[in-house]
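Notes for the one structure printed next.
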Amino acid sequence: MTDWLTQPLHAQAKALAQGEISALELAEAHLAKIDARNGDLRAVVHLNDKLRAQAQAVDATPLEDRAPLAGLCFGVKDILDVAGQPTLCGSHAHPQGEHSDAATVAALRRAGMLALGKLATYEYALTGPAYDQPYRPARNPWNLAHITGGSSSGSAAAVSGGLMRVALGTDTGGSIRAPSAYCGIIGLKPTAGLVPDAGCFPLSPSLDVVGPMAATVADAALVLDALVPGHNASAEIGQEISGLTIGYARDWFAEDPAADPALIAAMDETAGLLSQLGARIELIDLPAYQPLEDAATVILQAEAYAIHRDGLAQRFNAYGVDARRNLLTGAVLTPEDVEVARAVGRGFADLVDQRLAHCAALLAPTTLGPAPAFSDFANRPVWTAMRTMPFNLSGHPSISVPCGFTPRDLPLGAQFIGKKKGERTLCRIAHALEQASLYTARRA
Amino acid sequence: MTLESFTKLLRDAGIEPPAADLAAAYAAACRLAEQAAKLKEAQQ
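One line per chain: the protein sequences are X and C, in this order. Offset between the first sequence (1-based) and my numbering: plus 51. Position 21 of the second sequence, counted from 1, bears residue number 15 in my numbering, the numbering being contiguous throughout.
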């Protein structure tokens, strides 16, 4: 008997179209997997109680009248609205009310996909793990004692744990890519502004991006194509990468004391593998990392404070302790501080554009090590070193791909950064690496 | 920025955190303000 959840979305779509499986059977397969594993993973926080009926409606529709992805299933991070399901944003402070589908959820529904339910998030996509949220933190399928990373924590755990092939996440400073790296899946942060964000509760509107987290590059590209019809991110998947130049930003992380030796080795191995596939690897330099992260942080904290100022005034104690303390910090920032930070971002974006003028993509790590253990957070805040925020600042698309494992069998991730609206080439390169390394074939 | 001026900034926005939250947020806010100041200095 086929385990349909191990099959790529395009194979599931084909099986549905050929009557090899019904939409109801596929939905039941997801529900069975969620029932079996979600107790451990704590990824799904609300199930769509109309799923079976929606699947039956697909089955009742003649094949020729069905939308292209009819019957395929996806999960939704709990800061994106889904009609008929609550949006908690992982917070006791979030006002409840009626809402329609977020633009991204509506786009996937138009393509025929079925929303399985809501997936855990760090509180307001801000900080975690925390134990004073409406639900307990999601756990890493590779080792339940480790965090998933965040803030798209449930999306990463759900896909990595095999509960679903794809989930929507959001990325303001790495919240799609970092948990994807920690959980050994694909995380695609699209170009800023490419994917509509209506119905997504904002963290920092200038940096927020909605995108897919998926079991494979092809699954992620298929969903991006449904989110942005005509963008055709899948178009080059399967093409060789021979002759493409990839700029390897090795100096940007290898000397950082926070870089895990296993990560450095995995990155070098990745560059070597790309070279074997015919790509030309060119070492490139990027500006000092810390000021870029600082600039993104200034924008994020200033915008997040502006969004939550009234909420903090009205219901301070309903926010989780870490979230409310974090949000208050933005009060000290001035419009001039934010303008300086934006200028840093514009300068970095210009420089990345220059590098990409002769490179098809840039290569850098997603995080500098594996997922920390929950116990690491017991008595102190933990700073998880990564290389994601600068590309929220610059707006370039980026895709995180599994690139190896630590000796303790925790996943590591590399990210490719591409030209704006260059997701097609990014997916081509990421898919080639995925096929050659087979790290995404390993499942937790 | 002093703790008093940080407290006033929040109070002016209608936010009156308990002392423990205020102290923790103040320490983090000072670090953030320092990061912003460094960026400004580097841009000049």
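Cβ atoms here follow ideal geometry from the backbone N, Cα and C, with glycine treated the same way.
query                                                                                                                         : result
Member of R160/X, D336/X, V433/X, S204/X whose CA lies at the smallest distance from the CA of R117/X                         : R160/X
Per DSSP, cross-strand counterpart(s) of R431/X                                                                               : Bridge partners of R431/X: none, in fact.
Cα-Cα separation between A157/X and A481/X, rounded to whole angstroms                                                        : 27 Å
Residues near L254/X by beta carbon distance below 6 Å, same chain, minus five either side                                    : A176, T223, A355
Contact belief for L245/X with V279/X at Cβ below 8 Å, rounded distance in angstroms                                          : 6 Å
First and last residue of the uninterrupted beta strand (DSSP E) at I468/X                                                    : 462 to 468
Beta carbon proximity, K34/C to chain X, threshold 8 Å                                                                        : yes
Proximal residues, the stretch 348 to 364 of chain X versus chain C, C-beta separation under 7 Å                              : T348, V349, Q352, R360, L363, A364
Contacts that D345/X makes with chain C (C-beta to C-beta distance below 8 Å)                                                 : Q29, A30, K32, L33
F456/X - partner residues in DSSP beta bridges                                                                                : P462/X
Minimum C-alpha distance to V452/X - residue among A181/X, I468/X, A347/X, G298/X                                             : I468/X
Three-pair Cβ contact test at 8 Å for the stretch 269 to 289 of chain X versus the stretch 380 to 393 of chain X              : no
Same chain, Cβ closer than 7 Å to F0/C, five either side skipped, listed in chain order                                       : Y20, A23
Three-way DSSP call (helix, strand, coil) for Q58/X in this model                                                             : coil
Neighbouring residues, chain X, relative to L(-3)/C (Cβ below 7 Å)                                                            : None at all; the shortest Cβ gap to chain X is about 12 Å.
CA-to-CA distance, V274/X to N430/X, given in whole angstroms                                                                 : 40 Å
Sub-8 Å separation of A408/X and G446/X beta-carbons                                                                          : no
Whole-Å CB distance - A189/X paired with G205/X, under 8 Å assumed                                                            : 5 Å
Beta-carbon separation (whole angstroms), G90/X vs R493/X, contact threshold 8 Å                                              : That belief does not hold up - the Cβ atoms of G90/X and R493/X are roughly 23 Å apart, past 8 Å.
Chain C contacts from the stretch 382 to 394 of chain X (Cβ-Cβ distance under 7 Å)                                            : A382, V383, L384, D388, V391, A392, A394
Residue closest to L67/X, alpha-carbon to alpha-carbon, out of A104/X, R88/X, R366/X, C124/X                                  : C124/X
D276/X, buried or exposed, once every other Cβ within 10 Å from all chains shown has been counted against 16                  : buried
Backbone CA spacing between D132/X and S449/X [nearest angstrom]                                                              : 24 Å
Nearest-angstrom Cα separation, counted from P386/X out to R393/X                                                             : 10 Å
Touch test, the stretch 342 to 355 of chain X against the stretch 364 to 372 of chain X, Cβ-Cβ under 8 Å, three pairs minimum : no
Test: R431/X CB closer than 8 Å to a CB of chain C                                                                            : no
Neighbour list for T380/X in chain C, Cβ cutoff strictly below 7 Å                                                            : A19, A22, A23, L26
6 Å CB neighbourhood of A154/X in its chain, flanking five on each side removed                                               : P247, A249, G250
Contact set for A412/X: own chain, Cβ-Cβ below 7 Å, skip 5 residues either direction                                          : I297, F467, I468, G469, T476, L477, I480
Residue-level contact to chain C via CB, F367/X, 8 Å cutoff                                                                   : yes
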